[in-house]
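Asker:
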Amino acid sequence: MDGAAQAAELGIGDFVEFTAKFKPSQISSLLDIVTPELAETITRRTIHQKKIAEYTGGNAQKESRFKLELEGEKETWGAIARAATKAVRADFRSDATREYYGSVGSPGDQVTAITICDSEHFVVQDADRILDGTFTVLGKVTSERAEDLPILERNKILDRLNPKVVDEAASQLNGFVRESASKKVPAFGDEDRSESSIEGTGADMSDEVPFDLTLDSRIRGYCIKVIPIAIFI
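Residue numbers (this note's numbering): 21 to 253.
Listed below in structure tokens is the structure:
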């Protein structure tokens, strides 16, 4: 197999051989960073920033009520984010199997070979050795060629979500991540909470973001799933 056209001719159970440079599953890599604790912290911080930006001030009683409501909302959504991330990680971050993406073919005739490996079958203990260069795979096809496969398709918990809903959620998340990287939202207690102070005067924080937390909702283009028999140079 050297491209999407040949991939279209393959059926389930066919033997296939291809050469590719691999990258890890994007969502699995992200989940290495986004632990349940981090997801809870990000959620709490997001709510804090949003509510503080909307707060218009008031007397002591109003401010006290605002603080209580803010803390309650952060506690609720933080707990939900923590539980949801824990459930997703339990499925996506399985120690039994690893998923790698190999791009095969030239632009215009490219297919992503989703290579699903059993961890116990690696000769060496480093299951990420496949990411260190270009390898040839001999395997068996487990799915026919598909286009723009939803990234949550393999997850037992989330595969029932409408892909269009996931597309929209990922778009909003990515927009928030990029927006947060270039804004400075004032902390609670700052006197100047005008729109201009929030939007226009914050320092550019794009160089201070330690991780790229954006996420693609689909595996773009054509793809095919393969279970390898042998991976070699």
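Beta carbons are placed, not taken as given, at the ideal position from N, Cα and C, and that holds for glycine.
1. Could you tell me the boundaries of the alpha helix (DSSP H) in which S48 lies?
2. Can you say whether P248 is buried or exposed, counting buried as having 16 or more other CB atoms within 10 angstroms of its CB?
3. Applying the 10 Å Cβ sphere with the 16-neighbour rule, what's the burial state of V144?
4. My assumption, with CB atoms under 8 Å, is that D138 sits in contact with A116. Please give the rounded CB distance.
5. With E167 as the anchor, note down where its alpha helix (DSSP H) starts and where it stops.
6. What residue from E93, W97, G128 has the CA that sits closest to R240's CA?
7. What are the start and end residues of the beta strand (DSSP E) that includes T154?
8. Look up T135 in the DSSP assignment and give the residues it is bridged to.
9. How many whole angstroms separate the CB atoms of V131 and A24, which I take to be in contact at a CB cut-off of 8 Å?
10. How is the alpha helix (DSSP H) around P56 delimited, first residue to last?
11. Am I right that S126 and A40 are in contact with their C-beta atoms under 8 Å? What's the rounded C-beta distance?
12. What does a CB cutoff of less than 7 Å around I62 pick up in its chain, not counting 5 residues either side in sequence?
13. Starting from the C-beta of E119, find all residues in its chain whose C-beta is less than 6 Å away, skip the five residues before and the five after it, and write them out in chain order.
14. Compare the C-alpha of T66 against each of G98, L51, I53, F35 and name the closest.
15. Whose C-alpha, out of A101, C243, R165, is nearest the C-alpha of R64?
16. Buried or exposed: which applies to G159, given that a residue is buried once 16 or more other Cβ atoms fall within 10 Å of its Cβ?
Answerer: Result, derived from the coordinates:
1. Counting from 1 along the sequence shown, the entry for residue 48 is found at position 28. For S48, the enclosing alpha helix (DSSP H) starts and ends at 46-53.
2. Start at 1 with the first residue of the sequence shown, and residue 248 comes out as number 228. Result: buried.
3. Looking up residue 144 in the sequence shown gives position 124. With fewer than 16 neighbouring CB atoms inside 10 Å of its own CB, V144 falls in the exposed class.
4. Stepping through the sequence shown from its first residue, residue 138 is reached at position 118. Stepping through the sequence shown from its first residue, residue 116 is reached at position 96. About 7 Å separates the two Cβ atoms, so the contact holds.
5. Counted from its first residue, the sequence shown places residue 167 at position 147. E167: not part of any alpha helix (DSSP H); member of the beta strand (DSSP E) spanning 166-170, first to last residue.
6. If you number the sequence shown from 1, residue 240 lands on position 220. That would be G128, whose Cα lies nearest to the Cα of R240.
7. For this step, residue 154 is matched to residue 134 along the sequence shown. T154 -> beta strand (DSSP E) spans 154-161.
8. Position 115 of the sequence shown holds residue 135. Y120, V246.
9. Mapped onto the sequence shown, residue 131 falls at position 111. Mapped onto the sequence shown, residue 24 falls at position 4. Contact holds; Cβ gap of about 4 Å.
10. Numbered from 1 along the sequence shown, position 36 holds the residue referred to as residue 56. From DSSP, the alpha helix (DSSP H) with P56 extends over 56-74.
11. In the sequence shown, the residue the question calls residue 126 occupies position 106. In the sequence shown, the residue the question calls residue 40 occupies position 20. In this structure S126 is not in contact with A40, their Cβ atoms being roughly 12 Å apart against a cut-off of 8 Å.
12. Mapped onto the sequence shown, residue 62 falls at position 42. For I62, where only same-chain residues beyond five positions count, there are no Cβ hits under 7 Å.
13. Numbered from its first residue, the sequence shown carries residue 119 at position 99. Only S45, I136 meet the Cβ criterion.
14. Mapped onto the sequence shown, residue 66 falls at position 46. The candidate whose alpha carbon is nearest that of T66 is G98.
15. Residue numbering aside, residue 64 sits at position 44 when the sequence shown is read from its first letter. Ranking A101, C243, R165 by Cα distance to R64 puts A101 first.
16. In the sequence shown, the residue the question calls residue 159 occupies position 139. Residue environment analysis places G159 among the buried positions, since at least 16 neighbouring C-beta atoms fall within 10 angstroms of its C-beta.
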